[in-house]
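Working notes for the structure below.
Numbering (this note's numbering), first residue to last: 1 to 223.
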């Protein structure tokens, strides 16, 4: 398995560029992709394994960025903020069946109704899920990630929004992904499935801050 890198970026409140990126999911995606080499193919985000999310701390928001290629933090604008990168390999290698972990994932829980149901109820192709339906969606995702959920706290977040398209182009598209943050504890059932989901991400909206699954061992829990 290739090295996975986890980068923490703490944007400076004094940086106008950082404030803009935090307010615009498309701008933040472009900023993070600018930290990697060009020429990664038709879908560079997937090719480079780039996933991210914005988390909150008492001191303000910060960005977690995961990737298979080490980002070049010197490409961030001057005075953008503080940033550091570390490998995730030791954590991933230590995952064992039966281990108790904390998890967090900000995701885009949705369902895709069939054509008949959409026509009957005039539904869009993708329907955001909330409340108990979102929780059920997460439990299914956790199962495919080799986890048995023990505790779960789901918190609805503001949608990830922005405008996708080249400046001046008439073919601009509004991006909007409903987001829910899932926190809790779980038992690892299949470490290989879990490593794969951590690497690939979960659900839709991965370019815009959804799908990054992070885990940490429960101190004092089962080994």
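Idealized CB from N, CA, C, for every residue including glycine.
Since this is a predicted model, take the numbers as computed values, not measurements.
The C-beta distance from residue 201 to residue 213 rounds to 7 Å, short enough to fall under 8 Å. For the pair residue 189 and residue 162, the CB atoms are not nearer than the 7 Å cut-off. Boundaries for residue 4: no alpha helix (DSSP H) harbours it, and the DSSP string shows neither H nor E there.
Sorting 217, 183, 198 and 128 by C-alpha distance to the C-alpha of residue 52 places 198 at the top. Going by beta carbons, residue 184 and residue 149 fall inside the 7 Å limit.
Between the alpha carbons of residue 74 and residue 133 lies a distance of about 42 Å. Secondary structure note for residue 173: it is in no alpha helix (DSSP H), and the uninterrupted beta strand (DSSP E) holding it is 173–188.
Your pair residue 88 and residue 6 checks out as a contact, with CB atoms roughly 5 Å apart and the cut at 8 Å. Residue pairing by DSSP places residue 39 in no beta bridge whatsoever.
The alpha-carbon of residue 191 is positioned some 26 Å away from that of residue 179.
A check of alpha carbon separations from residue 128 across 144, 72 and 160 identifies 160 as the nearest.
Beta-bridge annotation (DSSP): residue 102 is paired with 185 and 216.
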